[in-house]
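**Q** Everything in the sequence shown is counted per the UniProt record's numbering, starting at 1 for the first residue and increasing by one. Using N, Cα and C, we set each Cβ at its ideal position, and we do this for glycine too. Because the structure is a prediction, the values reported are computed rather than measured.
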Amino acid sequence: MLASARAEFAARGYDRASIRGIARGAGVDPALVHHYFGTKEQVFEAAIEKAFAPILHVPDQVAAVWPDGAGEHMARFIFGLWEDPETREPVLAVVRSAVNNETAAAAFRRMLTRHMLTRLAGQLAAPDAEVRVQLAIAQLVGVGLLRYVIKFEPLASEDVEDLIARLAPVVQHHLTEAPRPVDSDTPPGSWL
Numbered sequence: 001m002l003a004s005a006r007a008e009f010a011a012r013g014y015d016r017a018s019i020r021g022i023a024r025g026a027g028v029d030p031a032l033v034h035h036y037f038g039t040k041e042q043v044f045e046a047a048i049e050k051a052f053a054p055i056l057h058v059p060d061q062v063a064a065v066w067p068d069g070a071g072e073h074m075a076r077f078i079f080g081l082w083e084d085p086e087t088r089e090p091v092l093a094v095v096r097s098a099v100n101n102e103t104a105a106a107a108f109r110r111m112l113t114r115h116m117l118t119r120l121a122g123q124l125a126a127p128d129a130e131v132r133v134q135l136a137i138a139q140l141v142g143v144g145l146l147r148y149v150i151k152f153e154p155l156a157s158e159d160v161e162d163l164i165a166r167l168a169p170v171v172q173h174h175l176t177e178a179p180r181p182v183d184s185d186t187p188p189g190s191w192l
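1) Taking the alpha carbon of Phe-77 as the reference point, which residue from Ile-150, Ala-31, Met-116, Tyr-36 has its own alpha carbon closest?
2) Quick check on the burial criterion: 16 or more other C-beta atoms within 10 angstroms. Buried or exposed for Phe-152?
3) Since Pro-90 and Ile-48 should fall inside the 8 Å C-beta cutoff, what is the C-beta to C-beta distance between them, to a whole number of angstroms?
4) Figure out for me which residue from Ala-5, Tyr-148, Phe-37, Glu-8 has the closest Cα to the Cα of Leu-81.
5) Among Arg-109, Lys-50, Tyr-14, Leu-56, which has the Cα closest to the Cα of Lys-40?
6) In chain order, which alpha helix (DSSP H) runs of at least 4 residues are fully inside the UniProt domain "HTH tetR-type" (1-55)?
7) Beta-carbon within less than 6 Å of Leu-129's beta-carbon, same chain only, minus the 5 sequence neighbours each way: which residues are those?
8) Under the three-state reduction of DSSP, which class applies to Asn-100: helix, strand or coil?
9) Go ahead and pull the three-state DSSP assignment for Ser-184.
10) Counting beta carbon pairs with one atom in the region 26-44 and one in the region 54-72, are three or more of them shorter than 8 Å?
Here is the structure:
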């Protein structure tokens with residue numbers, strides 16, 4: 001049923017996916033889906049939990065290479081999810097659904113917070129640890145969105161190793177470097 005749910009959410013997005021469609025894909029009665037998972041939101045959460053199970057290990061793996069290899073490790077992990085045929089469809093389902101539906105976005109936030117953000121932020125000895133981790137994740141998810149969902153060229157065709165080489169130092173900076181002061185006389189939105 002979870003494989004059918006991942007396929008349904010990937011193909012139709014959260015809003016258009018249905019318990020009936022999930023049941024049809026799994027060859028079961030919709031009542032069985034409700035029995036095991038409850039609501040569509042609960043099916044969505046169960047489907048993404050399985051797809052993102054490798055996230056559970058990221059904080060420990062980052063700790064093992066801390067501090068110097070953290071940026072590269074996170075970039076390799078996130079792009080590994082996008083590049084792997086086993087996880088690509090569920091990741092696409094999550095991102096497409098989260099962009100278009102607040103319920104799906106909330107489920108994605110809960111999963112990221114529970115499995116990655118809180119644990120990674122706990123490893124940083126900085127008062128702004130959560131913001132740093134969120135910036136690192138935003139960098140990687142944002143590039144993933146442009147590359148795999150929007151298929152923005154030439155980013156979509158760029159060699160993944162080249163992308164990792166470009167992004168790892170930026171992610172590393174978010175995680176380990178102090179923010180640099182900016183020119184406070186220049187208001188946001190103005191061109192330098």
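**A** On the basis of the data shown:
1) The alpha carbon of Phe-77 has as its nearest neighbour, out of Ile-150, Ala-31, Met-116, Tyr-36, the alpha carbon of Met-116.
2) Phe-152 is exposed by the Cβ-count criterion.
3) 6 Å between Cβ atoms; contact.
4) Answer by Cα proximity: Tyr-148.
5) Tyr-14
6) Within the UniProt domain "HTH tetR-type" (1-55), the complete alpha helix (DSSP H) runs of at least 4 residues are 2-16, 19-26, 30-37, 40-51.
7) Per the sequence presented here, residue 129 reads as Ala, with Leu not at that position. Non-local C-beta neighbours of Ala-129 in its own chain, meaning closer than 6 Å and more than five positions away in sequence, comprise Ala-121, ordered along the chain.
8) helix
9) DSSP, read as helix, strand or coil, puts Ser-184 in coil.
10) no
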